[in-house]
Structure formats: structure tokens, C-alpha cells
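Protein chains in written order, with this note's numbering: chain A, 1 to 436; chain B, 1 to 311. C-beta: ideal position from N, C-alpha, C; glycine also.
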Amino acid sequence: MKQLMRLGVVGLTGLVMATALAGCAGKEDAAKTIQVTRNIGGREGFRRHFEAWKAQFEKTNPGWKMELIDLGNAEGEQFYKSRIATGDLPEVIMAWQLTNFLADGGHLVPLADEFYEKFGLPLPPPYKGKRYTSQSGVQIQGIAVNKRMWADAGVTTPPATWDDFIAALHKIKAKGHSPLVYGGREWSAHMPLFYAIATTLYDLQPDPAKPSWTKLKDAGKVSFATDPTARKVLGRMIEFLDSFVAKGALSDGYNEEQRDFYGGKGATWMMGCWIGGDIEPNKVDFEIEYWPVPSMTGRPPKFIYTSGFQNGWAITTTAKGEKLEKARAVLEAFYDPGVYQQFLNGESQFKEAQKVPVAGPTSAWLPAQKLYDSMATNLEKYGTTVGFHIGLDDMPPPSFTMTMARVMQEILSGNRDVDRLLKMMDDDWASARKGM
Amino acid sequence: MTSVPEAGLQPEHRRAKRVAAVREGLASLVLCGPAVLVYVGFIVLPAILGFAYSLTDWTGWTRWPNYVGLANFRELFHDTRFLAAIRFTLFETMLLVLFFTVGAMILAVLLDRLRRLKGLIRALFFYPYILSILVSALLFQYLANYREGALNTMLRALGLGAAAQDWMGDPALVPYFIFALVAWSGLGFFSTLYLAGLQTVPNELYEAAAIDGAGPLSVFVRIQFPMLIPVITTASVLALITGVNLFSQIVVTTQGGPGYRTFTVGYYIYWLGVLNNRQGYASAVSFVTFAALVGVAALQVALLRRKAVQL
Numbered sequence: 001m002k003q004l005m006r007l008g009v010v011g012l013t014g015l016v017m018a019t020a021l022a023g024c025a026g027k028e029d030a031a032k033t034i035q036v037t038r039n040i041g042g043r044e045g046f047r048r049h050f051e052a053w054k055a056q057f058e059k060t061n062p063g064w065k066m067e068l069i070d071l072g073n074a075e076g077e078q079f080y081k082s083r084i085a086t087g088d089l090p091e092v093i094m095a096w097q098l099t100n101f102l103a104d105g106g107h108l109v110p111l112a113d114e115f116y117e118k119f120g121l122p123l124p125p126p127y128k129g130k131r132y133t134s135q136s137g138v139q140i141q142g143i144a145v146n147k148r149m150w151a152d153a154g155v156t157t158p159p160a161t162w163d164d165f166i167a168a169l170h171k172i173k174a175k176g177h178s179p180l181v182y183g184g185r186e187w188s189a190h191m192p193l194f195y196a197i198a199t200t201l202y203d204l205q206p207d208p209a210k211p212s213w214t215k216l217k218d219a220g221k222v223s224f225a226t227d228p229t230a231r232k233v234l235g236r237m238i239e240f241l242d243s244f245v246a247k248g249a250l251s252d253g254y255n256e257e258q259r260d261f262y263g264g265k266g267a268t269w270m271m272g273c274w275i276g277g278d279i280e281p282n283k284v285d286f287e288i289e290y291w292p293v294p295s296m297t298g299r300p301p302k303f304i305y306t307s308g309f310q311n312g313w314a315i316t317t318t319a320k321g322e323k324l325e326k327a328r329a330v331l332e333a334f335y336d337p338g339v340y341q342q343f344l345n346g347e348s349q350f351k352e353a354q355k356v357p358v359a360g361p362t363s364a365w366l367p368a369q370k371l372y373d374s375m376a377t378n379l380e381k382y383g384t385t386v387g388f389h390i391g392l393d394d395m396p397p398p399s400f401t402m403t404m405a406r407v408m409q410e411i412l413s414g415n416r417d418v419d420r421l422l423k424m425m426d427d428d429w430a431s432a433r434k435g436m
Numbered sequence: 001m002t003s004v005p006e007a008g009l010q011p012e013h014r015r016a017k018r019v020a021a022v023r024e025g026l027a028s029l030v031l032c033g034p035a036v037l038v039y040v041g042f043i044v045l046p047a048i049l050g051f052a053y054s055l056t057d058w059t060g061w062t063r064w065p066n067y068v069g070l071a072n073f074r075e076l077f078h079d080t081r082f083l084a085a086i087r088f089t090l091f092e093t094m095l096l097v098l099f100f101t102v103g104a105m106i107l108a109v110l111l112d113r114l115r116r117l118k119g120l121i122r123a124l125f126f127y128p129y130i131l132s133i134l135v136s137a138l139l140f141q142y143l144a145n146y147r148e149g150a151l152n153t154m155l156r157a158l159g160l161g162a163a164a165q166d167w168m169g170d171p172a173l174v175p176y177f178i179f180a181l182v183a184w185s186g187l188g189f190f191s192t193l194y195l196a197g198l199q200t201v202p203n204e205l206y207e208a209a210a211i212d213g214a215g216p217l218s219v220f221v222r223i224q225f226p227m228l229i230p231v232i233t234t235a236s237v238l239a240l241i242t243g244v245n246l247f248s249q250i251v252v253t254t255q256g257g258p259g260y261r262t263f264t265v266g267y268y269i270y271w272l273g274v275l276n277n278r279q280g281y282a283s284a285v286s287f288v289t290f291a292a293l294v295g296v297a298a299l300q301v302a303l304l305r306r307k308a309v310q311l
């Protein structure tokens, strides 16, 4: 018995000492380290940017380190929640669609207007009177097309209307090409529905004096189930998926879409501008153009601009005490010209920081450069709409992206009950709002 | 053992007895204390906190939740998606309970009769169980992929391309895909339970049956099955728990899809709490599910215990 007790005491003492030592180890390092979250995964362009950013920060802040927390393809939600629970959120974090949650929880430190002015960044719409996120670049969402396949069907300019778009896809199909790459398994399934909702239910240029569709919906004045335009959108989605999406699409996700499109196996990809950053690493050797989203209601076609408010690709700080100054230095190092250029190249975004002496994204790989040129030209020609990304307090619930993806999955699964599909969107919206 | 009245003991004996009792108490504390602490810290406390959160509208982003009383429980009774999740979970659970009680038992009886390569064949059946759920689920996801999955590749190679299916995407097939995944993973474990049960059947019973000229079916019906009823009780409760707790397999493979077709109760709780930031409501769903599961399991055990054979 005595031996057992001794063993227990020795074991417990050892455990306590080991824990204490483990706690001490690296404590000094941690005090001089700024942790930064980023979604790099296997994307080479993103990695290059982070390495340049880290080198710039560590060069200008001797003795300090910048440590990467790579969240891969995840969007941080679960990671941030667990770090909130343990009280150690990283000092600099990507915000994605979580800014309002983080701000409401009191985890973010606001940025002064001088920060934006220093780099020539437009002031994002404030959230409850404050600005938290450092805006990156102009991120647009539109339609990537395989120029050769579309030309083969006789279409060389962006279709203005949804009818023109559908007619063109039929022509491409008739020529023996696969008209569309589309995977229904994950988030990317929502893209066509997102494009349609953002460009039809919302004003192309929001009028501050007029409540948006989001505001009207939250006030109970409109709903998907009762809005004839929403019904029309759903009808068009059913027609679209029935006509151009082959059996088995529910097995495919973003990676399969990318592989098909870059492999020259599909003529059209409804995907955000970030795809440009993957052209060179994937050695895509044909010409791709980037076109605006055609209208379902006779409006002019537009790109959807998704980085203008305090969400999406935006970074922010949670640092307190003496680390706050260094966390701000990390945010500032982002706009070093060399670092910022790498960012624009990796993400295929356009310049937002007007005082930073860089142009748009560039690449030595000709097809990538041609795509950037196409994006820049068409961005200038057709312009953008913010769609439903109006402000942190004026947008659908963040989980609405997945709601749209699920509705598209339902259609792919054979659900043709438009009333039920619209109700799903209303129900999800209402449920998600209760979590905000 | 006879007890000696305390008053009849010598003082030194009484002291020795007290010291022994203290030592025993200390030893119990040292030996059981850590386990009790861990159990209380990681099971009991979270369960109590879970109930407390169910009375709030906590989003998971703030430090302190707001008390909302029984509002979450009231909402629960009108929640059609919760009902749909219950229906799907019950369907999967029914298939699993049936398979893990009947199928695994038949397999165990057959494995018990093996004369050659007994160990190897049993190990092969047990092997999927030692794989993590994540690995099994990813493996099935690969098998079921429409374009490149092994199943469809095989069908196409055999000239049966028309029979190729979107096993995970077709709403008519996906419930059976989930069932197949869980059944494949768990079959080895459940058949091992039955095999262990079969080893407890006294040889004399088999010898007597042989003398009476009983065939294999008769031996199973009259000897093995009645003797296995306690194992059936355990297996059915475990299968019920496996079915009701279906979650990881869903997260890795279908993520509740296509659409909302494979929302189990577990996935619905995750969807509410993590993806929709409704930790309070998710806790209410968890609590109700937990209470229902305890009730069903207790009923199941009570019913099956009555049928158990006492030797």
C-alpha cells in the first residue's frame, strides 16, 4: 500500500513539474511572437505572399517573430471559437465573414482612420461606428471562360442577359464541348445562385436612403417565398442545372471544378477572381477571359465586388497590451510594395491601397497575365455591384452561402418543389439570424 | 465473517483499525481521485453546463450568454428540420440495430464454426473497426465518387456503366451509403461481442445436443440464441447509441447533404451550434436528445433483461 501511495505521489509530482516546465518553455519566444492566421493550404501564391510579409515584418521589427497559423481551406470559425474559449486568439486574424461576431464579442481592436489614409485605402462602412479590418485588394466575382471553346460557338463577348448566357451555353454544348464545370458537393455549389440573387434582388448601386432587400427581409416585409423575382431566380436555376450539369456533379467539389476547367474540359466556370492566382502553378496553357455576371432582369452585366466592406478578405487585430503595437506593425507590413505585389499576384486581386506603388497582379506566365489583363479591362468596362455585401449590418447571415449551396444540391437531387426550396432559404435565414 | 463490537477492542487495536481505515481512504483517493476528477471535469460538468446553455441564446462568440428561459425548448417543438433529422436518424438507427444484433450474431456463429484460418478470418472482419472513423469515411467517400470511385470504375470495367450511380449524391441511395459505412466499420466489433458470448456456452450443452442428434440450426435456436440474449441486450444498446450518435461519418462524407437529406440529430446540433452560432438552441436539442436516448436505452435493457437466460 505504502509503495502504491509513494508511486502515486511521485507520479503526480512528476506530472506537475512536467506541466510547469512545458509552460515555461517557449514563454519568452511567445512574448515576442505575433501569431497570424491565413488560409494557405496548398496554394503556392498564398505561401509566397506570407513569406514575403513575414520577412518584411521581422526585418523592420528586430527581435520579433511572425508565426503562421495555416487554416488551410477552413474559414476559421471553429478555430476562433476554441481560441476564444481558451483566451488566446492569435494577434492578427483573417476575418472572413466573422467580423461582426468577433466585434460583438469584444475581441477586436478598432483601427483609426489614419491607418487607412496612410495607404490610400477607402474607408469601409463602419460597424456600430467602428472600423476594424484592414482592407486588402479589390476582389471581384464573375465568370471565367475558355476563350477557344466560346469562340468555337461564335461567342466572343460577354453575354449581357441570362437568356443570352443560356443560349450561348447551348451552342457550346452543341459543338461537343462541356459547357460548364460545376461541382455540387461543397460551398462552390452556391455560386450561380449567389450571382443571381446578388444581381437581381439587390440594387446595383445601393441607395443609403432606401432599405436593401436584406433590411426589408429582416423587417418581415419581403421573403423568398413571396418575392416573384426570387421565384424566377429559382426557376432559372432549375433550368440551368437541368440543361448543363451532368449526372454525378454531387460527387464533385471545388478541386474537381478547378481540375476540369484548367484541364480544358469545360468552357465556363462561375468562380471568383482568385482563380487567377492558380493559373501559373497549374501551368494552364490556354487563354481564359473573365466576364461579368449577366442579368436576369435586363440590367447591365456587372462583376460582384466582395471586398469593399469589413468582411471577406480582410485582416484585423485582437492584440492587447504591448503586442498591439506590433500587431499593427504586421498590418502595416502587409502594404510594403513587395509584399502587397505578392498578395495581388497570389490572390489575383486588384489594387485597393492607392498610395502603395504597385500595379495590379502580374505574372511571367503568359496565360495568367492575359487573364489579369482581361479582368482589368472588363472591370473597367463593366464595373461592379456590391450585391448583398452592403455592410456588416446589412447583409444576409454568413451561413447563407451554405444555404444557397444546399438549395442547389436539392435541385440536383431532383427537388422541383420551388415553394419548398424558397421556404428552405427563408427558414435558414431566420434560424441563422437568431445566432447573430 | 464475524463482526467484533468496537467497544470490545483494545485501544491499540482500535488505533490500528483507524489508521488502516485512513490509509485505505487515502489509497482510494489517490487511485480513484484522478479518474473521478477527469470524469467530473469532462463529462459531468459539461453535461450540467450544456443544460445551463440550453436556457440561453449564447452564440459562442461572447463570454457571457443571455438567459432566455425555456424559449429554446418551445422552439424545438415546432422545428421541422429537427423532426426531419430525427426521422433520418431513426431510420439509420433501425437499420444499424437490426444489422448489429442479427447480422453480427449470424456472422459470429459462422465464424465460431470455422475450422481453418479462424484467427486470420476473424482479424479481417475486425480490421475495419481499428481504423479511425475519419479514415473509414474518407475511404467510402472515395469508393462512392461518381467519376473516379472504385465502385463505378469497377462497374464500367465490367461493361455495366449504365448502372454507375452517384452513391453519395442520390437521395434514394445516400441513406444506405451511410448505413454501409457504419455497418462495415462496426461489424467486427459487434461480431466479436457475440464471439465472446459464444465462448461462455458450456461444452456440456453442445455435447448433450450432439447426443440428442440436434443439427446446427437447432443448436443455434435452442442453445446459442438463448445464451446470447445478454449479449444481444448489450449489442442492441450499443447499436442504438451508434445510430443516434451518427455524426463524424456525416461530417466527413455528406455534410448533411445533398441538400438537407442526411441531417442526423448529431449533425443538426453541430449545424446549429457551430455553423449557425446557435449554441444555446443546439444545447437544448442535445439535452432533449440525451434524455430521449437514456429513456429508450433503459426501456430496451428492461425488456431484454426479462428474456435473459439464467444458468
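query, result
"Have a look at ALA319 (chain A) and GLY257 (chain B) and give me their C-alpha separation to the nearest angstrom.", "38 Å"
"Taking beta-carbon pairs under 8 Å, can you tell me which members of the segment 86 to 104 of chain B lie near chain A?", "none"
"Tell me whether PHE247 (chain B) sits in a helix, a strand or coil according to DSSP, three-state version.", "coil"
"Within the chosen definition, does the segment 210 to 228 of chain B reach the segment 137 to 149 of chain B through at least 3 CB pairs nearer than 8 Å?", "no"
"Spatial neighbours of ARG236 (chain A) within its chain, please: CB distance less than 7 Å, with the 5 preceding and 5 following residues excluded, ordered by chain position.", "TRP162, ALA196, MET296"
"In the DSSP output, what is VAL185 (chain B) paired with across the bridge?", "A small correction: the amino acid at residue 185 (chain B) is Ser; Val does not occupy that position in the sequence shown. Bridge partners of SER185 (chain B): none, in fact."
"Apart from the five residues on each side of it in sequence, which residues of its chain come closer than 6 Å, Cβ to Cβ, to LEU311 (chain B)?", "Reliability of the predicted coordinates at LEU311 (chain B) is poor, the pLDDT of 47 falling under 50, and no value is obtained from them."
"The alpha helix (DSSP H) spanning ILE304 (chain A) covers which residue range?", "Counting along the chain, ILE304 (chain A) falls outside any alpha helix (DSSP H), though it belongs to the beta strand (DSSP E) covering 303 to 305."
"Specify, as a first and last residue, the run of the alpha helix (DSSP H) that GLY25 (chain B) falls within.", "11 to 39"
"Is the beta carbon of ILE172 (chain A) sitting closer than 8 Å to the one on ALA267 (chain A)?", "yes"
"Measure from the alpha carbon of THR229 (chain A) to the alpha carbon of each residue in A:TYR202, A:ALA209, A:LEU250, then state which is nearest.", "A:TYR202"
"Buried or exposed for SER431 (chain A), please, with buried defined as at least 16 other CB atoms from any protein chain shown within 10 angstroms of its CB.", "buried"
"Could you tell me which chain A residues have their CB closer than 9 Å to the CB of ARG261 (chain B), listed as they occur along the chain?", "GLN409, GLU410, SER413"
"Mind pulling the chain B residues with CB within less than 8 Å of GLU77 (chain A)?", "VAL274, LEU275"
"Going by C-alpha distance, which of B:VAL231, B:LEU151, B:TYR270, B:THR59 is nearest PHE100 (chain B)?", "B:VAL231"
"Given that LYS81 (chain A) touches chain B, what residues does it touch there, using C-beta distances under 8 Å?", "GLY60, TRP61, VAL274"
"Of all the residues that make up the segment 137 to 151 of chain B, which are near chain A by a beta-carbon distance shorter than 7 Å?", "ASN145, TYR146, ARG147"
"List the endpoints of the continuous beta strand (DSSP E) containing ASP70 (chain A).", "65 to 70"
"Please list, in chain order, all residues of the same chain as GLY69 (chain B) whose beta carbon is under 7 Å from its beta carbon, the five residues on each side excluded.", "LEU55"
"Pull up the CB-CB distance for THR156 (chain A) and ALA314 (chain A), whole angstroms please, since I reckon it's below 8 Å.", "With 8 Å as the limit, THR156 (chain A) and ALA314 (chain A) do not qualify as a contact, their Cβ atoms being about 36 Å apart."
"I'd like the list of long-range same chain contacts for LEU111 (chain A), defined as Cβ closer than 6 Å, with 5 residues on each side in sequence excluded.", "ARG131"
"For LEU169 (chain A) and GLY184 (chain A), I'd like the C-alpha separation in whole angstroms.", "19 Å"
"Going straight from the alpha carbon of GLY105 (chain A) to that of SER413 (chain A), what length do you get?", "39 Å"
"At the level of alpha carbons, what is the spacing between VAL284 (chain A) and VAL339 (chain A)?", "25 Å"
"Between VAL174 (chain B) and THR262 (chain B), how many whole angstroms is the CB-CB distance? I'm expecting something under 8 Å.", "6 Å"
"Using a Cβ-Cβ cut-off of less than 7 Å, list which residues of the segment 153 to 170 of chain B approach chain A; keep chain order.", "ASP166, MET168, GLY169"
"According to DSSP, what are the bridge partners of LYS130 (chain A)?", "A:TYR127"
"Within 8 Å (strictly less), CB to CB, does PHE257 (chain B) reach chain A?", "The residue you asked about is not Phe; residue 257 (chain B) is Gly in the sequence shown. Yes, because at least one Cβ of chain A sits closer than 8 Å to the Cβ of GLY257 (chain B)."
"To test your reading of the DSSP string, which unbroken alpha helix (DSSP H) runs of 4 or more residues are found completely within the segment 222 to 308 of chain B?", "225 to 244, 248 to 252, 265 to 270, 279 to 307"
"Closer than 8 Å by beta-carbon distance: list the chain B residues that pair up with MET402 (chain A), in chain order.", "LEU275"
"What does the Cβ neighbour count give for THR316 (chain A), buried or exposed, with the cut at 16 atoms within 10 Å?", "buried"
"Would you please verify whether the beta carbon of ILE84 (chain A) is less than 8 Å from any beta carbon of chain B?", "yes"
"Would you verify that the beta carbon of MET1 (chain A) is, or is not, closer than 8 Å to some beta carbon of chain B?", "Low confidence applies to MET1 (chain A): its pLDDT is 49, below 50, so where it sits in the model is not reliable, and the reading given next is rough at best. Chain B contact via Cβ: present."
"Please name the residue or residues paired with TRP291 (chain A) in a DSSP beta bridge.", "A:ILE143"
"Buried or exposed: where does ALA382 (chain A) fall if 16 or more other Cβ atoms within 10 Å of its Cβ makes it buried?", "With the sequence shown as reference, residue 382 (chain A) is identified as Tyr, and Ala is not the correct amino acid for it. Result: buried."
"Excluding five sequence neighbours on each side, which residues of the same chain lie with their C-beta closer than 6 Å to the C-beta of ALA25 (chain A)?", "Low confidence applies to ALA25 (chain A): its pLDDT is 49, below 50, so where it sits in the model is not reliable enough to give any reading."
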